[in-house]
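As structure tokens, the structure follows; a few thoughts come after it.
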Amino acid sequence: MARKLPRKDVVIVGLGWTGSILANELTDEGLDVVAIERGPWRNTATDFNVGYMQDELRYAIRKDLFLRPAQSTLTFRNNVEQEALPIREFGSFLPGNGVGGAGVHWNGQTWRFLPSDFRCRSHLSERYGEKFIPDELTIQDWGVTYEEMEPYYDKFEYLAGVSGKAGNINGKRQDGGNPFEGARARDYPLPPLDMTYGPKLFAEGAREAGYHPFPQPAANASRSYTNTLGVEMGACSYCGFCERFGCANYSKASPQTTILPVLMRKPNFECRTNSEVVRINLDRSGKRATGVTYVDAQGQEWEQPGDLVLVCAFILFNVHMLLVSGIGKPYDPKTATGTVGRNYTYQTYAGVEMFFDNKNFNPFIATGAIGQCIDDFNGDNFDHSGLDFVGGAGIMCASTNARPIATRPTPPGTPRWGSTWKKATTDNYLSSLYLNAQGGSYATRGNYLDLDPTYKDRLGRPLLRMTFDFPDNDIRMISYVTRKAEEIAKVMTPRQIVPHYRTKPYSVVPYQSTHNIGGAIMGSDPKTSVVNKYLQSWDVPNVFVIGASAFPQNAGYNPTDTVGALAYKAADAIRNLYLKNEGPLVPA
Amino acid sequence: MKRNPAPFTALLPLAMAAIFSAAAPARGQGATDSQSFEIIERGRYLATAGDCVACHTAPGGKPYAGGLALETPFGKLVGANITPDRETGIGAWTDDQFVQAMQEGIAPRGHLYPAMPYPAFTKVSRADLLAIRAFLNTLEPVKNPIEPNQLPFPFNIRASMLAWNALNFTPGEFKPDPGKPAEWNRGAYLVEGLGHCGTCHTPKTILGGDKNADSLQGAVLQSWFAPDITNAMHKGLGGWSQEDIVQYLKTGANQFTIASGPMADAITNSTSKLSDPDLKAIATYLKDMPSNANTTPVPVAADDKRMVAGQAIYKDTCNACHLDSGAGTSHLFPTLAGSAVVQSDNPTTLIRVVLQGTQGVATAAAPTAPAMPSFAWRLNDEQVASLLTYVRNSWGNAAAPVSAADVKTLRESLASAE
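Top line first, the protein sequences correspond to chains A and B.
FYI, the numbering for the first sequence is 140 to 727, going by my numbering.
FYI, the numbering for the second sequence is 89 to 506, going by my numbering.
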């Protein structure tokens with residue numbers, strides 16, 4: 140039996156990037172806020188200790204900071220014909236666990252989406268005609284424009300101390316930046332990271348091939364930085380332990396390094412860790428949330444009443460929370476009705492490996508988002524007329540790490556073990572490079588999330604079920620861009636080029652990306668979206684669902700900048716619209 | 089939905105403090121209107137300047153209701169309940185009794201011990217003391233019986249303090265030096281009086297009295313070294329500007345360092361809440377404090393084997409944050425080059441932070457609170473000694489080498505304190 144706690148103004152489910160941003164904004168508004176976090180408290184000083192943080196075995200291989208499947212998992216299948224089975228070891232994607240969420244273990248690659256990404260269907264229809272869009276795709280507009288997003292992108296980037304070079308300030312081209320990006324109001328808060336040899340060589344090759352290289356925007360501080368909340372960040376030491384690790388040097392932006400020092404001091408904020416929200420409670424009408432029920436580490440169930448419930452967990456668990464709470468109509472692929480779980484997408488990766496003679500890239504001098512990129516083949520930056528796909532991918536040479544256990548580049552044909560393998564790893568460790576093609580992921584009718592009919596979690600709730608395979612459109616898209624990457628590789632004249640094309644079916648075993656997207660998407664029509672342009676539930680207006688769950692489909696970029704911007708956008712709407720007039724901010 | 093005007097109410101006491109401290113403190117007045125809003129708020133400010141709450145509050149307890157146990161070299165003393173409860177607090181005391189306790193160390197129940205810093209508070213004016221009293225009277229009376237004196241025999245005999253006083257105590261209110269500016273005198277009044285800086289920063293005699301000739305030149309307490317805060321160049325505040333001192337006291341951090349350890353508490357509870365004019369006055373006075381130790385030691389030679397080993401450990405373990413140059417990062421990673429704490433004769437603080445780690449103070453103005461992790465598990469006594477010998481003698485630094493025996497002793501005492 141749940142014990143009832145005193146009411147709070149705001150109950151936040153999950154204290155990662157979005158939960159921290161919302162909590163900080165709404166406590167500034169004078170509201171009494173509690174965040175309920177499934178995992179443990181995490182702090183730079185105690186948990187990302189500079190003395191042992193660079194432990195690849197513990198953090199990267201044994202995945203110390205990530206969610207354990209025993210805590211929560213999901214089932215997976217490629218299509219509705221298959222029976223989904225539980226993921227018993229996370230592989231393809233790694234959900235975070237604990238305070239800071241994915242903001243702890245990310246690399247720091249901080250991209251804005253293109254203006255055309257936000258008007259995906261309208262833009263493509265206007266440019267090529269509606270018929271050009273493959274039938275399988277259920278891509279749609281976001282209900283928000285890039286211009287509306289710009290101030291919130293800016294706010295997140297100045298919070299996080301992003302290092303980069305603008306390509307377009309107020310419509311004016313900037314040399315050295317991304318010429319394809321949407322107009323930004325001002326440059327990045329910090330200059331780009333110091334570039335290592337590999338990315339420089341790629342930039343030269345790309346330029347020679349006629350493309351437009353620029354440094355990847357990075358939430359790894361290139362200089363020490365005092366952020367907009369007065370929190371100090373240190374200059375990155377290029378240790379190469381970003382993704383899967385917490386940053387010990389206060390250099391990688393995370394809730395810990397940018398918000399929590401301010402938030403945790405506030406008397407009107409409270410965080411309860413090791414406490415998992417079981418469901419959002421609704422009143423009898425089903426139109427208003429009354430709070431949440433959660434279970435603490437001792438197994439005690441608590442009811443936390445609240446006026447406003449903000450769902451700020453990782454995207455998969457945002458969608459799960461709506462489904463188990465009965466908020467919104469679950470999506471049914473047979474009839475293409477319902478919205479919750481619809482338009483689940485991912486990220487489409489491929490790449491090109493290069494082996495050189497007589498080159499030394501010192502790949503261990505690395506940081507999560509260092510690199511040079513071209514955007515010439517991303518989104519709709521190139522003319523798709525005559526091509527058999529829509530969408531695109533960025534191509535980058537990113538030197539994120541070269542850790543000793545997992546980084547063992549060897550040419551095809553090398554034995555998997557023994558002295559020949561050892562010699563090959565020694566010969567190639569310093570002299571190989573990888574070009575990544577990071578593609579968008581477009582929604583289809585058959586890719587979706589729902590509740591599993593068979594398997595339950597430790598709290599007795601049905602597991603989330605993921606049904607996903609790469610759309611044929613995306614395979615054609617990434618193959619095209621991978622061929623472009625191969626052409627650039629040839630200009631760089633390595634000894635050997637090994638392309639890694641993406642093929643179907645999608646597998647959840649090898650790591651690909653933790654950019655899971657969609658399922659509680661935003662839009663302007665309640666028939667095809669779960670939340671409105673302010674991330675407010677169409678069905679239960681005192682519930683906001685914030686995160687990459689809101690993207691209607693994915694662009695060819697990492698999601699965090701857009702997630703941070705959406706969090707600020709939602710906070711702004713709550714502060715300036717919702718609190719003045721509680722109820723739907725957009726008429727349904 | 090309820091919307092608390094939290095930011096405004098939180099700022100109110102600070103704003104009031106600024107207003108009242110700007111006015112010249114009334115001195116030498118006999119009677120005080122204990123219900124006056126202005127006097128009560130001035131009392132709140134002065135009680136903050138005196139950091140009364142630090143000793144008179146148990147961890148997690150009600151403010152001023154007593155109960156913090158102080159480990160002194162002579163035994164345990166517990167901060168008294170100074171709420172206005174008539175039985176267990178000081179509610180039944182007269183104003184004169186309160187003033188006598190503060191200025192002479194004589195309370196109704198008997199003589200106080202100088203852990204209650206009456207040798208400093210004797211310098212505080214009667215008007216200021218009565219303002220503090222007026223503020224304390226506004227607190228909720230808390231029934232919390234405390235036996236402050238938990239000393240062993242013979243120190244538990246309060247009358248023994250009469251002899252101690254004769255040797256160590258000079259009563260009398262602060263007398264301004266007419267040859268100095270008002271700001272200097274205000275600083276002296278705060279540093280020597282309510283601020284009782286010397287309680288930690290002045291070396292003590294074997295009886296626990298201040299070594300007055302060495303005033304504010306650094307002392308060890310609770311396995312920390314409270315550094316020299318005179319204007320000494322090498323191991324005092326000589327390298328800091330007045331503005332650096334003000335910023336340190338106000339925010340806990342400045343371009344060189346971040347406060348931690350006991351000073352972090354003093355900044356949280358007290359100095360961060362003082363007015364800018366008072367902080368400037370304190371800085372003015374400290375920058376004028378002479379030191380009798382202005383000779384710079386000769387640095388240990390760079391090719392000394394401890395220096396060579398220390399440099400290797402430093403590069404492996406320290407330079408990601410503190411940098412090869414020892415410059416650190418402003419407001420985040422303390423500067424080691426030229427640091428007074430690094431070059432103090434007594435390396436207790438240095439050894440301690442390497443062994444145990446420490447967290448910087450967080451204030452509203454400098455909320456980051458970066459931390460140095462413990463390296464006790466990874467460096468042995470010899471390695472810590474070499475490392476610190478290197479840090480104390482590089483980038484222009486010069487100080488006596490640290491011995492492995494010193495590290496061993498502190499390691500054991502920290503372990504036994506846990």
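Built from N, CA and C at the ideal position, the CB exists for glycine as well.
Here's the rule I'm using: 16 or more other beta-carbon atoms within 10 Å means buried, otherwise exposed. How should residue i be labelled?
i: alanine 251 of chain B; result: exposed
i: lysine 708 of chain A; result: buried
i: isoleucine 346 of chain B; result: buried
i: arginine 221 of chain B; result: buried
i: tyrosine 191 of chain A; result: exposed
i: tryptophan 465 of chain B; result: exposed
i: glycine 118 of chain B; result: Any reading at glycine 118 of chain B must be qualified, since the residue scores a pLDDT of 47, below 50, and its modelled position is unreliable; the value itself is stated next. Glycine 118 of chain B should be labelled exposed.
i: serine 261 of chain A; result: exposed
i: serine 109 of chain B; result: With a pLDDT of only 41 at serine 109 of chain B, under the threshold of 50, the placement of this residue in the model should not be trusted, and no figure is reported.
i: glutamine 221 of chain A; result: exposed
i: methionine 140 of chain A; result: exposed
i: alanine 505 of chain B; result: exposed
i: proline 489 of chain B; result: buried
i: alanine 112 of chain B; result: For alanine 112 of chain B, the pLDDT reaches just 41, beneath the cut-off of 50, and the residue's location in the model is therefore unreliable, although a value from the coordinates is still provided. Burial call: exposed.
i: glutamine 511 of chain A; result: buried
Quick one: list the residues of chain B neighbouring residue i, beta-carbon separation under 8 Å, in chain order.
i: threonine 401 of chain A; result: Sequence check: residue 401 of chain A is valine here, not threonine. Within 8 Å Cβ-Cβ: Pro455.
i: arginine 404 of chain A; result: Ala450, Ala452 and Pro455
For a contact meaning CB atoms closer than 9 Å, what does residue i contact in chain A?
i: proline 266 of chain B; result: Chain A residues near proline 266 of chain B: none, gap ~42 Å exceeds 9 Å.
i: histidine 419 of chain B; result: Ser363, Thr365 and Glu371
i: phenylalanine 344 of chain B; result: The contacting residues do not exist; phenylalanine 344 of chain B stays about 14 Å from chain A at best.
Name the chain B residues whose beta carbon is nearer than 9 Å to that of residue i?
i: threonine 183 of chain A; result: Pro458 and Ala459
i: cysteine 378 of chain A; result: Ala408
i: alanine 470 of chain A; result: In the sequence as displayed, the identity of residue 470 of chain A is tyrosine instead of alanine. By Cβ distance, chain B contributes nothing, its closest Cβ being about 32 Å from tyrosine 470 of chain A, past 9 Å.
Short check: CB of residue i to CB of residue j, under 8 Å?
i: tyrosine 581 of chain A; j: leucine 206 of chain A; result: no
i: glycine 525 of chain A; j: glycine 695 of chain A; result: no
i: arginine 600 of chain A; j: valine 463 of chain A; result: yes
i: tyrosine 483 of chain A; j: histidine 654 of chain A; result: no
i: proline 472 of chain A; j: arginine 584 of chain A; result: yes
i: isoleucine 175 of chain A; j: arginine 418 of chain A; result: no
i: arginine 481 of chain A; j: isoleucine 278 of chain A; result: no
i: alanine 241 of chain A; j: glutamine 355 of chain A; result: no
i: serine 302 of chain A; j: asparagine 359 of chain A; result: yes
i: glutamate 235 of chain B; j: phenylalanine 262 of chain B; result: no
i: threonine 318 of chain B; j: glycine 324 of chain B; result: yes
i: glutamate 164 of chain A; j: alanine 508 of chain A; result: no
i: lysine 237 of chain A; j: arginine 201 of chain A; result: Correcting the residue identity first, residue 237 of chain A is glycine in this sequence and not lysine. Contact flag unset, no.
i: leucine 449 of chain A; j: threonine 212 of chain A; result: no
i: glutamate 409 of chain A; j: valine 173 of chain A; result: yes
i: leucine 455 of chain A; j: proline 145 of chain A; result: no
i: alanine 806 of chain A; j: glycine 490 of chain A; result: Residue 806 of chain A falls outside the range modelled here, since chain A spans only 140 to 727, and no answer is possible.
i: glycine 379 of chain A; j: threonine 506 of chain A; result: yes
i: alanine 223 of chain A; j: phenylalanine 215 of chain A; result: yes
i: leucine 443 of chain B; j: phenylalanine 463 of chain B; result: yes
Quick one: list the residues of chain A neighbouring residue i, beta-carbon separation under 7 Å, in chain order.
i: arginine 466 of chain B; result: Gly190
i: phenylalanine 463 of chain B; result: Gly190
Output, in chain order, the set of chain B residues within a Cβ distance shorter than 7 Å of residue i.
i: asparagine 388 of chain A; result: Ala408 and Cys409
Name, going along the chain, the residues of the region 358-375 of chain A whose beta-carbon falls closer than 9 Å to a beta-carbon of chain B.
-> Ser363, Thr365, Leu368, Gly369, Val370, Glu371, Met372, Gly373 and Ala374
Which runs of the alpha helix (DSSP H), 4 residues or longer, sit entirely within the region 319-353 of chain A?
-> 336-347
Residues of the region 186-220 of chain A with Cβ closer than 7 Å to any Cβ of chain B, in chain order = Hits within the stretch, in order: Asn188, Val189 and Gly190.
Where the region 296-321 of chain A meets chain B: residues whose CB sits under 8 Å from a CB there | Under the 8 Å Cβ criterion, the region 296-321 of chain A contributes no residue.
Along the chain, which unbroken stretches of the alpha helix (DSSP H) at least 4 residues long are found entirely within the region 176-254 of chain A?
-> Secondary structure in the region 176-254 of chain A: the alpha helix (DSSP H) runs of 4 residues or longer, each lying completely within the stretch, are 183-186 and 241-244 in chain order.
Given a limit of 7 Å on CB to CB distance, which residues of the region 434-449 of chain B reach chain A?
-> Cβ contacts with chain A come from Gln447.
Start-end ranges of the beta strand (DSSP E) lying completely within the region 573-621 of chain A, minimum 3 residues | 587-595 and 601-606
Looking at chain A, which residues of the region 378-411 of chain B have a Cβ within less than 8 Å of any of its Cβ atoms?
-> The region 378-411 of chain B vs chain A, Cβ under 8 Å: Thr405, Ala408 and Cys409.
What are the complete alpha helix (DSSP H) segments, minimum 4 residues, inside the region 222-288 of chain B?
-> Within the region 222-288 of chain B, the complete alpha helix (DSSP H) runs of at least 4 residues are 248-256 and 270-277.
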